[in-house]
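Visitor: Chains as they are written, first to last, in the numbering used here: chain U, 17 to 308; chain P, 17 to 308.
No residue lacks a Cβ here, since even glycine has one placed at the ideal position from N, Cα and C.
The structure is given below, and queries will be raised subsequently.
This is the structure we're talking about:
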């Protein structure tokens with residue numbers, strides 16, 4: 017869950033980040049005009065004990081660092097042009113490099129630079145991903161309009177099942193260990209969507225963020241959401257994160273350019289950002305993970 | 017001093033970073049063609065206990081994080097267009113934000129985005145600085161030619177004296193706490209220089225790096241180097257870092273566009289990168305700080 021210090025810090029940061037390219041620090045990426053094109057920029061960190069466990073395979077950690085940043089670019093329809101790595105040395109740096117190399121090859125993105133430092137405490141690493149917008153305007157979280165349909169690529173809950181397999185030491189854990197960024201899907205969708213983001217912290221929580229940014233309310237039909245988990249775990253799957261599917265809105269009647277599922281629609285703003293099967297989430301019914 | 021693990025890791029990283037924009041990870045910045053302009057990119061981290069002390073003023077730490085990254089842009093003649101912050105929360109985040117805001121205002125550079133995460137261990141933070149080249153080709157470390165003159169802006173040793181003042185609790189510590197990036201100087205020099213870098217790890221060590229990158233040997237006259245310290249400490253000042261002056265080479269006979277001092281010249285490559293007052297540094301005579 018979010019620390020109150022974190023929330024306060026981000027609020028203060030937003031006051032500093034007044035440049036329009038920062039998008040109020042509420043979008044997946046910054047979007048900066050540069051040389052007649054749009055530069056799409058994101059930086060995500062992973063910290064040992066917060067985002068990964070000390071005994072996790074460093075190659076998987078590196079993969080996730082790359083995939084989560086590339087996923088942010090995907091959600092803006094950007095093609096990656098390079099990454100910079102900030103890295104505090106850890107226990108098995110050679111293994112981390114293997115995963116880094118695999119992920120960079122998988123997304124065909126070059127390592128351009130960064131910084132490597134020694135450290136004795138919990139390991140931390142950050143990646144800056146730099147992309148080129150393939151469509152203007154660059155999709156935002158704030159463009160959903162009342163009457164738009166809400167769509168999602170793929171299914172949610174796969175990472176939840178994958179983490180359980182990893183913990184159990186049996187079964188397929190790849191969805192958790194090696195998430196896939198929906199890069200080609202994001203580029204195909206960018207010209208169509210009115211709003212788009214990636215689902216990193218849970219479908220319901222991220223849908224609420226898009227609704228708040230757009231000033232509308234989403235009505236989501238829980239049974240319409242494809243899940244990659246047993247049916248009895250549907251409610252959990254709607255709240256779990258780490259699946260990195262794309263959540264987007266289209267004008268009513270528009271068919272998406274890639275396989276996706278319609279899971280709801282945008283309504284004029286009501287009392288709250290989300291109606292799930294016609295009802296507001298009750299207090300205490302967490303919509304997802306504020307921190308992972 | 018450099019950890020052997022760090023050296024090995026960076027060597028392995030270089031094998032991955034084959035894209036020409038990465039400049040072999042041996043320059044101050046990556047330089048990427050984008051939209052008909054040159055994007056200049058750098059990312060530096062600061063880690064508690066390695067680069068700053070737990071009791072240091074967080075506002076000074078933030079200032080240094082910004083100034084060191086902007087200094088890298090300055091050394092390539094780039095004007096900053098934005099920064100992304102990766103930040104692990106610490107003990108006094110409000111004070112850190114004050115320093116961050118002061119530094120961003122001083123260099124007139126917008127905060128565009130980043131990531132904030134909780135953490136319980138030593139604090140770590142990284143900054144990505146994004147710049148626009150003001151002159152093509154973008155200066156590198158590798159362009160010094162035999163016969164070129166070697167120049168430096170300002171003086172070295174000020175940060176050394178500043179750190180001592182800070183530790184003593186008396187005297188002017190600002191050169192250490194609030195280093196200045198030579199941004200306007202870098203932009204003015206970019207069209208003139210054959211090679212340029214900033215001096216972060218000590219004049220002698222950084223000069224050796226430029227010599228190695230350029231395949232020449234520098235002959236430096238130690239008495240010609242302006243120092244901001246008592247004369248008895250000249251040898252230390254030549255080896256201390258954190259001053260962030262610009263070190264550059266010009267064709268013989270060219271006068272620099274900004275105040276600077278000629279401290280030596282480039283010779284055809286000899287046995288080693290550096291002659292100090294005509295002599296190679298002896299083994300055991302450290303040229304500077306490999307890690308700070």
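What's the C-alpha gap between residue 152 of chain P and residue 25 of chain U?
Guide: Cα-Cα distance, rounded: 39 Å.
Visitor: Keeping to the same chain, check which residues put their C-beta closer than 6 Å to that of residue 111 of chain P; ignore five residues upstream and five downstream.
Guide: The residues are 74, 75.
Visitor: Listing by chain order, which chain U residues have their CB less than 7 Å from the CB of residue 60 of chain P?
Guide: Simply 131.
Visitor: Ignoring anything shorter than 4 residues or poking outside the segment 153-184 of chain P, list the alpha helix (DSSP H) runs there in chain order.
Guide: Fully enclosed alpha helix (DSSP H) runs of 4 or longer: 174-184.
Visitor: Keeping to the same chain, check which residues put their C-beta closer than 6 Å to that of residue 33 of chain U; ignore five residues upstream and five downstream.
Guide: Cβ neighbours of residue 33 of chain U beyond the five flanking positions: 41.
Visitor: Hey, residue 205 of chain U and residue 264 of chain U: beta-carbon distance below 9 Å or not?
Guide: A contact, by the Cβ cut-off of 9 Å.
Visitor: Flag this pair as touching only if the segment 92-106 of chain P and the segment 135-145 of chain P have three or more C-beta atom pairs under 8 Å; answer yes or no.
Guide: Counting Cβ pairs under 8 Å, three or more are found: they touch.
Visitor: In its own chain, which residues sit with a C-beta less than 6 Å from the C-beta of residue 177 of chain U, not counting the 5 before and 5 after it?
Guide: 245, listed in sequence order.
Visitor: Helix, strand or coil: how does DSSP classify residue 329 of chain U here?
Guide: This structure gives no information on residue 329 of chain U, because the portion of chain U shown stretches from 17 to 308.
Visitor: When the Cα atoms are used, what is the spatial distance from residue 275 of chain U to residue 267 of chain U?
Guide: Looking at the two C-alpha atoms, the distance is approximately 16 Å.
Visitor: Using the Cβ count rule (16 or more neighbours within 10 Å means buried), how would you classify residue 195 of chain U?
Guide: Under this definition residue 195 of chain U is a buried residue.
Visitor: So for residue 197 of chain P, helix, strand or coil by DSSP?
Guide: Note: residue 197 of chain P maps to coil in three-state DSSP.
Visitor: Please name the residue in U:84, U:240, U:281, U:193 whose C-alpha comes closest to that of residue 233 of chain U.
Guide: It is U:281 whose Cα lies nearest to the Cα of residue 233 of chain U.
Visitor: Considering residue 228 of chain P, what are the terminal residues of the beta strand (DSSP E) in which it resides?
Guide: Run containing residue 228 of chain P: none in the beta strand (DSSP E); it sits in the alpha helix (DSSP H), 219-230.
Visitor: Rounded to the nearest angstrom, what separates residue 66 of chain U and residue 193 of chain P at their Cα positions?
Guide: The alpha-carbon atoms of residue 66 of chain U and residue 193 of chain P are separated by roughly 31 Å.
Visitor: So, do the segment 163-179 of chain P and the segment 197-214 of chain P have three or more beta carbon pairs nearer to each other than 8 Å?
Guide: Touching, yes.
Visitor: Given residue 28 of chain U, which residues of its chain have a CB within under 6 Å of its CB, disregarding the five upstream and five downstream residues?
Guide: There are no such residues.
Visitor: Is there a C-beta anywhere in chain P that falls below 9 Å from the one on residue 104 of chain U?
Guide: It does: the Cβ of residue 104 of chain U has a partner Cβ on chain P nearer than 9 Å.
Visitor: Go to residue 89 of chain P, then tell me how far its beta strand (DSSP E) extends in each direction, as first and last residue.
Guide: First-last for residue 89 of chain P: 74-90, but that is the alpha helix (DSSP H), not the beta strand (DSSP E).
Visitor: In chain P, which residues lie less than 8 Å from residue 135 of chain U when you measure between Cβ atoms?
Guide: Ordered by position in chain P, the residues that pass the 8 Å Cβ test against residue 135 of chain U are 63, 65, 66, 138, 140.
Visitor: Please look up how many angstroms separate the CB atoms of residue 100 of chain P and residue 97 of chain U, rounded, as I've assumed it's under 8 Å.
Guide: In fact, because the Cβ distance is near 15 Å, the residues do not count as touching under 8 Å.
Visitor: Distance, Cα to Cα, residue 37 of chain P vs residue 145 of chain U?
Guide: Their backbone Cα atoms lie some 14 Å apart in a straight line.
Visitor: Taking Cβ positions, are residue 78 of chain P and residue 113 of chain P nearer each other than 9 Å?
Guide: It is a contact, given that the beta carbons lie within the stated cut-off.
Visitor: Can you give me the start and stop residues for the beta strand (DSSP E) that residue 211 of chain P sits inside?
Guide: Per DSSP, residue 211 of chain P belongs to the beta strand (DSSP E) from 211-214.
Visitor: Give a yes or no on whether 9 Å exceeds the smallest Cβ distance from residue 28 of chain U to chain P.
Guide: Output row for residue 28 of chain U: interface = yes.
Visitor: Can you tell which of U:288, U:45, U:247, U:170 has the C-alpha that lies nearest to the C-alpha of residue 89 of chain U?
Guide: Checking every option, the nearest Cα to that of residue 89 of chain U belongs to U:45.
Visitor: How long is the line joining the alpha carbons of residue 170 of chain U and residue 259 of chain U, rounded to whole angstroms?
Guide: Cα to Cα, the separation comes out at about 9 Å.
Visitor: Would you mind stating whether residue 69 of chain U and residue 80 of chain U have Cβ atoms separated by less than 9 Å?
Guide: No. Outside cutoff.
Visitor: Are there 16 or more other CB atoms within 10 angstroms of the CB of residue 188 of chain P, so buried, or fewer, so exposed?
Guide: So residue 188 of chain P ends up on the exposed side.
Visitor: Using the Cβ count rule (16 or more neighbours within 10 Å means buried), how would you classify residue 108 of chain P?
Guide: Exposed, because fewer than 16 other Cβ atoms sit within 10 Å of the Cβ of residue 108 of chain P.
Visitor: From the DSSP output, in three-state form, read off residue 250 of chain U for me.
Guide: Helix, per DSSP.
Visitor: For residue 302 of chain U, which of U:122, U:253, U:22, U:294 has the nearest alpha-carbon?
Guide: Nearest of U:122, U:253, U:22, U:294 to residue 302 of chain U, Cα basis: U:253.
Visitor: Assign residue 269 of chain U to buried or exposed, taking buried as 16 or more other Cβ atoms, counted over all protein chains shown, within 10 Å of its Cβ.
Guide: Exposed is the call here.
Visitor: Residue 290 of chain U by DSSP, collapsed to three states: which one?
Guide: It is a strand residue.
Visitor: Straight-line CA distance for residue 287 of chain U to residue 227 of chain U?
Guide: Cα to Cα, residue 287 of chain U sits roughly 12 Å from residue 227 of chain U.
Visitor: Does residue 222 of chain P pass the burial test, meaning 16 or more other C-beta atoms within 10 Å, or should it be called exposed?
Guide: Flag for residue 222 of chain P reads buried.
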